[in-house]
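Asker: Handing you a structure now.
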Amino acid sequence: MTMPRPAPKTRYYPVNGIDLAVHEWTSEGGGAPLVFAHATGFHGRVWDAIAERFPAHPVHAIDLRGHGLSRAAPIDDWRLLSSDVSEFLDQSGIRGAVGIGHSMGAHTLLQAAADAPGRFARLVLFDPVILAPEFYAPAEALYTADNPHPAIRRKRDFASAEAMIERFGARDPYDLFDARVFVDYCRHGLVPAADGEGMELACAPEVEASIYASSRSNPGILDAARKVDIPVLVVRAQYTTLNDFKSSPTWPELAAILPQGTDLHRPDMTHFHPFQDPADAARIIAEFIGQA
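First residue of the sequence shown: 16, per the numbering used here; consecutive thereafter.
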């Protein structure tokens, strides 16, 4: 059983024209810093249930651009996300960290590790959005301004966090989530509405749609992976189809092109592994960094 960890303090870092929010837990335990990066549509506080299991480590959970408290406009290139993280790492002076990412956040950390050697000592990547090489070949855009990604139609307004919890608690895929993680997602995933009435999604639907639409915007990610010469654990979930949000988007050969890559296939888990079973995700992290 884990003991409650004090709530983090949120610090803002000026990067690439925005204020990047990072939720930070201090520690006197002497462990390596842990840097967490979340999936599309979420925020740094979805990692609370895992962060509290590592009291000996200082933790930095990033609200990536356009998510959580890092207010920003839609994007068209994922390399901007990794540039934000590299800028944060430079400003904070963090070195030798363990980067822990999920989905889009895992892609972002791998690119940042290639761009900022020495900042990370290890990476744990849960189902990174890193596709097979053929998916990065030039092709006609799937989504455009006239045909945006369906996420743009997501409900954005809620009377309160409790209303969001009630609305989504029994719905797919939220019904897969650990109860604590689901509540953290809702409570920290809303901000006061611009019109002063109630709350709205911190990750605006147009931002979320832009990230999905630009998911193939970084064709250099596979070359970047080949340069990341540190231990990297790739945790892959079940695969059904790339059109299924619960399916793994990760190229099965990713670990093989990493100089020190290890593949962990978990077909018993969906793409939401860290949300489904944060205790299991924490165990994987602990074992990989030698803290089991």
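A virtual CB, placed ideally from N, CA and C, is assigned to each residue, including glycine.
Entirely within the region 184 to 257 and at least 4 residues each: give me those alpha helix (DSSP H) ranges in chain order.
Answerer: Segments of the alpha helix (DSSP H) lying fully in the region 184 to 257: 194 to 203, 220 to 228 and 236 to 242.
Asker: Return helix, strand or coil for G108, following the three-state DSSP convention.
Answerer: It is coil, neither helix nor strand.
Asker: Quick one: what does DSSP say R137 is sitting in, helix, strand or coil?
Answerer: Three-state result, R137: strand.
Asker: Give me the residue from V74, D172, Y151 and H38 with the minimum Cα distance to G213.
Answerer: Nearest option by C-alpha distance: D172.
Asker: Where A228 and H58 are concerned, what is the direct C-alpha to C-alpha distance, given to the nearest angstrom?
Answerer: When rounded, the distance between both Cα atoms is 19 angstroms.
Asker: Does DSSP classify Y28 as helix, strand or coil?
Answerer: If DSSP states are grouped into helix, strand and coil, Y28 belongs with the strands.
Asker: Between A294, I299 and S175, which has its C-alpha nearest G211's C-alpha?
Answerer: For G211, the nearest C-alpha among the options comes from S175.
Asker: Does the contact criterion of 3 or more C-beta pairs under 8 angstroms hold for the region 149 to 164 versus the region 219 to 234?
Answerer: Yes: the two stretches touch, three or more of their Cβ pairs being nearer than 8 angstroms.
Asker: Can you grab the Cα-Cα spacing for the pair R182 / G133, in whole Å?
Answerer: Whole-angstrom Cα-Cα distance: 44 angstroms.
Asker: Quick one: using the 10 Å Cβ neighbour count with 16 as the cut-off for buried, is N258 buried or exposed?
Answerer: Answer is exposed; the Cβ neighbour count stays below 16.
Asker: Closest by CA to L95, which one among L35, G83, Y151 and A71?
Answerer: Considering only alpha carbons, the answer is L35.
Asker: Check whether the region 238 to 253 touches the region 196 to 208, counting contact only when three or more Cβ pairs, one atom from each stretch, lie closer than 8 angstroms.
Answerer: These segments do not touch.
Asker: Who are the near neighbours of D292 in its chain, counting only those whose CB is closer than 8 angstroms to its CB and skipping five residues on each side?
Answerer: The answer, listed in chain order, is D193 and M284.
Asker: Taking contact to mean 3 or more Cβ pairs, one atom from each stretch, closer than 8 angstroms, check whether the region 49 to 69 and the region 79 to 88 are in contact.
Answerer: With the cut-off at 8 angstroms, the region 49 to 69 and the region 79 to 88 touch.
Asker: Return the Cβ separation of L79 and T41 in integer angstroms, given the expectation that the two are a contact with Cβ distance under 8 angstroms.
Answerer: About 22 angstroms separates the two Cβ atoms, so there is no contact after all.
Asker: Mind pulling the beta strand (DSSP E) runs of 3 or more residues that sit fully within the region 17 to 87?
Answerer: List check, beta strand (DSSP E) in window: 24 to 30, 33 to 40, 49 to 52 and 74 to 77.
Asker: Taking the straight line between their C-alpha atoms, what separation do you get for I272 and N162?
Answerer: Taking the straight line joining both Cα atoms gives about 35 angstroms.
Asker: Is DSSP giving F260 helix, strand or coil here?
Answerer: Coil, per DSSP.
Asker: What does the Cβ neighbour count give for T256, buried or exposed, with the cut at 16 atoms within 10 Å?
Answerer: Its Cβ having fewer than 16 others within 10 Å, T256 is exposed.
Asker: What does the alpha-carbon distance come out to for the pair R298 and G184?
Answerer: So the two alpha carbons sit approximately 26 angstroms from each other.
Asker: What separation, rounded to the nearest whole angstrom, lies between the Cα atoms of K170 and C218?
Answerer: Straight-line Cα distance between these residues: approximately 11 angstroms.
Asker: So what does DSSP say about A294, is it helix, strand or coil?
Answerer: In the structure shown, A294 sits in a helix (DSSP, three-state: H, G or I).
Asker: How many angstroms separate the CA atom of M16 from the CA atom of E149?
Answerer: Low per-residue confidence applies at M16: pLDDT is 47, beneath 50, and the placement is therefore not dependable, though the value from the model is reported in the following sentence. Using only the alpha carbons, I get a separation of about 45 angstroms.
Asker: Please name the residue, chosen from A178, E221, K242 and R137, that lies closest to G111 on a Cα-to-Cα basis.
Answerer: Minimum Cα distance to G111 is reached at R137.
Asker: Cα-Cα, which of P89, A54, P29 and A128 is closest to I245?
Answerer: It is A128.
Asker: Could you tell me the alpha carbon to alpha carbon distance between D295 and E302, rounded to whole angstroms?
Answerer: Whole-angstrom Cα-Cα distance: 11 angstroms.
Asker: Quick one: grab the DSSP three-state call for D130.
Answerer: Three-state result, D130: helix.
Asker: Taking the straight line between their C-alpha atoms, what separation do you get for L49 and G114?
Answerer: Distance between the alpha carbons of L49 and G114: 6 angstroms.
Asker: Leaving out five residues on either side along the sequence, give the residues of the same chain with a beta carbon under 7 angstroms from the beta carbon of A152.
Answerer: Excluding sequence neighbours, A152 sits near nothing in its chain.
Asker: From H286 to F260, what does the alpha carbon distance come to, in whole angstroms?
Answerer: Using only the alpha carbons, I get a separation of about 7 angstroms.
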